[in-house]
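Protein chains in written order, with numbering that gives the first Met the number 0: chain A, 0 to 125; chain B, 0 to 125. Virtual Cβ for every residue (Gly too), placed ideally from N, Cα, C.
There are 2 protein chains.
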Amino acid sequence: MPELSVRGSRSRKPIMVLFDLLGRRWAMGVLWTLCTSGPCTFRDLQDQCGSVSPSVLNARLKELRNAKLIGHSGQGYHAEPLGFELHERLVPLGAWSRSWAALLASDAPEARHETAFTQPDRSSGS
Amino acid sequence: MPELSVRGSRSRKPIMVLFDLLGRRWAMGVLWTLCTSGPCTFRDLQDQCGSVSPSVLNARLKELRNAKLIGHSGQGYHAEPLGFELHERLVPLGAWSRSWAALLASDAPEARHETAFTQPDRSSGS
DNA sequence: CTCGATTGCTACTGAATCAGTAGCACAGCG
DNA sequence: CGCTGTGCTACTGATTCAGTAGCAATCGAG
Chain A
0 MPELSVRGSR SRKPIMVLFD LLGRRWAMGV LWTLCTSGPC TFRDLQDQCG SVSPSVLNAR
60 LKELRNAKLI GHSGQGYHAE PLGFELHERL VPLGAWSRSW AALLASDAPE ARHETAFTQP
120 DRSSGS
Chain B
0 MPELSVRGSR SRKPIMVLFD LLGRRWAMGV LWTLCTSGPC TFRDLQDQCG SVSPSVLNAR
60 LKELRNAKLI GHSGQGYHAE PLGFELHERL VPLGAWSRSW AALLASDAPE ARHETAFTQP
120 DRSSGS
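1. Would you tell me roughly how many angstroms separate the C-alpha atoms of A/Val29 and B/Asp19, rounded to the nearest one?
2. To which residues of the same chain is B/Glu113 closer than 7 Å at the C-beta, ignoring the five residues directly before and after it?
3. Strictly below 7 Å CB to CB, what residues from chain B border A/Gly28?
4. In whole angstroms, give me the CA-to-CA distance for A/Asn57 and B/Pro53.
5. Please report the distance separating the alpha-carbon of A/Ala94 from that of A/Gln47.
6. Anything in chain A within Cβ reach of B/Leu33, meaning under 9 Å, just list it in chain order.
7. Name the chain A residues whose beta carbon is nearer than 7 Å to that of B/Gln44?
8. Please confirm whether A/Ser125 has its beta-carbon closer than 8 Å to some beta-carbon of chain B.
9. Please report whether the beta-carbon of B/Leu56 lies at a distance below 8 Å from any beta-carbon of chain A.
10. In chain B, which residues lie with their C-beta within 9 Å of the C-beta of A/Gly22?
11. Give the residues from the segment 65–98 of chain B that approach chain A closer than 7 Å (Cβ to any Cβ), ordered along the chain.
12. How far does the beta strand (DSSP E) with B/Gly93 in it reach, from first residue to last?
13. Terminal residues of the continuous beta strand (DSSP E) containing B/Gly70?
14. Could you check which residue in B/Phe41, B/Arg24, B/Leu21 and B/Ile14 has the C-alpha nearest to that of A/Thr32?
15. So that I know if they touch, is there some Cβ in chain A lying closer than 8 Å to that of B/Thr60?
16. What does a CB cutoff of less than 7 Å around B/Val51 pick up in its chain, not counting 5 residues either side in sequence?
17. For the alpha helix (DSSP H) containing B/Pro38, list its first residue and its last residue.
18. So the alpha helix (DSSP H) B/Val55 belongs to, where does it begin and stop?
19. Taking C-beta to C-beta, are B/Met27 and B/Leu89 nearer than 8 Å?
20. For a quick check, are the C-beta atoms of B/Leu60 and B/Tyr76 less than 8 Å apart?
21. Looking at B/Gly49: is its Cβ nearer than 8 Å to the Cβ of B/Ile69?
22. Measure the C-alpha to C-alpha separation of B/Lys12 and B/Gly22 and round it to an integer number of angstroms.
23. Secondary structure at B/Gly28, three-state DSSP: helix, strand or coil?
24. Closest by CA to A/Leu85, which one among B/Glu79, B/Ser105, B/Ser96 and B/Phe41?
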């Protein structure tokens, strides 16, 4: 029963519980898409998020639904009030991320092929 | 070379790049700890985050450093200006998470053993 | 310098999660 | 009935994570 042992939100602090929920592949992306692109169907979400695996998408959808962040109606999936609230707190991140990305790009122009974080090497100690 | 192929931040949008960076185990937790508990050593971080694997912690540390969010001095690891900026945007999440957790707890008091998201089961026992 | 303690980090194994593909059940339409 | 669209599950292989052990370097004490 890995449900009650592994991802036990290592802490009781709500912020850590939230980080545990959002710190999963596509969790924030799905919420963001649902809040910015309006209601989407399962397959719309797959397409807009870059062909996520249906298994993973379904898992995130269930978790997000259990967290009361999103819901599912006849028109597809949609963000619920709580989800929009969280999204509101995430919006500043979107603005900040742009200046941050610009700074990173200007600081290491030749190193930002893809992710820019997972460098192949950082040798040259000291 | 998984560095340039897998986690390609499925999108070019900075927000998705950021979500890709933060959407990993302990990424946000490490930054949060560094910003709230001040400079920490490698092992302090391990302890305060709940015994993270050194391999994973080291990976997050490298990514966060490449992202210019944190740095490493003689006194241990510490958040850099950029990291504090991001933390500032994360603080509202902390406040919101508390009311959210309270709502979730009052809505399903007997279901919030641990994570409250990963339901133990949903497919009738067969 | 040697001892012991601390720090930063790597290596290894097994488990959990993720990606990618195929396919099924159900509903609406002609 | 056949066709299309939607929601979702199952399966396999790859990636990531957890947990443990251990090593090189550093620092204070003797």
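The structure says:
1. Indexing the first sequence from 1 puts residue 29 of chain A at position 30. Indexing the second sequence from 1 puts residue 19 of chain B at position 20. Approximately 12 Å between the Cα atoms of the pair.
2. Position 114 of the second sequence holds residue 113 of chain B. Any reading at B/Glu113 is ruled out, since the residue's pLDDT is 45, under 50, leaving its predicted position unreliable.
3. The sequence position of residue 28 of chain A within the first sequence is 29, counting from 1. Chain B residues near A/Gly28: Met15 and Phe18.
4. By one-based count along the first sequence, residue 57 of chain A stands at place 58. By one-based count along the second sequence, residue 53 of chain B stands at place 54. Cα-Cα distance, rounded: 31 Å.
5. Within the first sequence, the letter at position 95 stands for residue 94 of chain A. Within the first sequence, the letter at position 48 stands for residue 47 of chain A. Going by the C-alpha atoms only, they are around 21 Å apart.
6. Working through the second sequence from its first residue, we reach residue 33 of chain B at position 34. Near B/Leu33 there are no residues of chain A at all, since even the closest Cβ is about 14 Å away, more than 9 Å.
7. Walking along the second sequence from the start, residue 44 of chain B turns up at place 45. Correcting the residue identity first, residue 44 of chain B is Leu in this sequence and not Gln. By Cβ distance, chain A contributes nothing, its closest Cβ being about 13 Å from B/Leu44, past 7 Å.
8. As a position in the first sequence, residue 125 of chain A is number 126, starting the count at 1. Any reading at A/Ser125 needs caution, since the residue's pLDDT is 33, under 50, leaving its predicted position unreliable; the model's value is listed next. False, the Cβ-Cβ gap to chain B never drops below 8 Å.
9. One-based indexing of the second sequence puts residue 56 of chain B at position 57. Chain A has no Cβ within less than 8 Å of the Cβ of B/Leu56.
10. Here residue 22 of chain A is taken as the residue at index 23 of the first sequence, counted from 1. Here the neighbours are Leu21, Gly22, Arg23, Arg24, Trp25, Ala26, Met27 and Gly28.
11. Asn65, Ala66, Lys67, Leu81, Glu84, Leu85, Arg88, Pro91, Leu92, Gly93, Trp95, Ser96 and Arg97
12. Numbered from its first residue, the second sequence carries residue 93 of chain B at position 94. Run containing B/Gly93: none in the beta strand (DSSP E); it sits in the alpha helix (DSSP H), Pro80 to Asp106.
13. In the second sequence, residue 70 of chain B corresponds to position 71, counting from 1. Run containing B/Gly70: Ile69 to Ser72, per the beta strand (DSSP E) assignment.
14. Counted from its first residue, the first sequence places residue 32 of chain A at position 33. With distances taken between Cα atoms, A/Thr32 lies closest to B/Ile14.
15. If you number the second sequence from 1, residue 60 of chain B lands on position 61. Rather than Thr, the amino acid found at residue 60 of chain B in this sequence is Leu. At a cut-off of 8 Å between beta carbons, B/Leu60 makes no contact with chain A.
16. Working through the second sequence from its first residue, we reach residue 51 of chain B at position 52. Only Trp25 and Gln45 meet the Cβ criterion.
17. For this step, residue 38 of chain B is matched to residue 39 along the second sequence. Segment: none, B/Pro38 is in no alpha helix (DSSP H) and carries neither H nor E.
18. Residue numbering aside, residue 55 of chain B sits at position 56 when the second sequence is read from its first letter. Segment Pro53 to Asn65, the alpha helix (DSSP H) holding B/Val55.
19. Taking the second sequence and counting its residues from 1, one reaches residue 27 of chain B at position 28. Taking the second sequence and counting its residues from 1, one reaches residue 89 of chain B at position 90. Yes, the Cβ-Cβ distance between B/Met27 and B/Leu89 is below 8 Å.
20. Along the second sequence, one-based indexing puts residue 60 of chain B at 61. Along the second sequence, one-based indexing puts residue 76 of chain B at 77. Yes, these two residues count as a Cβ contact at 8 Å.
21. On the second sequence, residue 49 of chain B is found 50 positions in, with the first residue counted as 1. On the second sequence, residue 69 of chain B is found 70 positions in, with the first residue counted as 1. Not in contact: B/Gly49 and B/Ile69 (Cβ atoms no closer than 8 Å).
22. The residue labelled residue 12 of chain B in the question sits at position 13 within the second sequence. The residue labelled residue 22 of chain B in the question sits at position 23 within the second sequence. One C-alpha to the other measures close to 15 Å.
23. Here residue 28 of chain B is taken as the residue at index 29 of the second sequence, counted from 1. In this structure, B/Gly28 counts as helix in the three-state DSSP scheme.
24. The count along the first sequence starts at 1 and reaches residue 85 of chain A at position 86. Nearest C-alpha to A/Leu85: B/Ser96.
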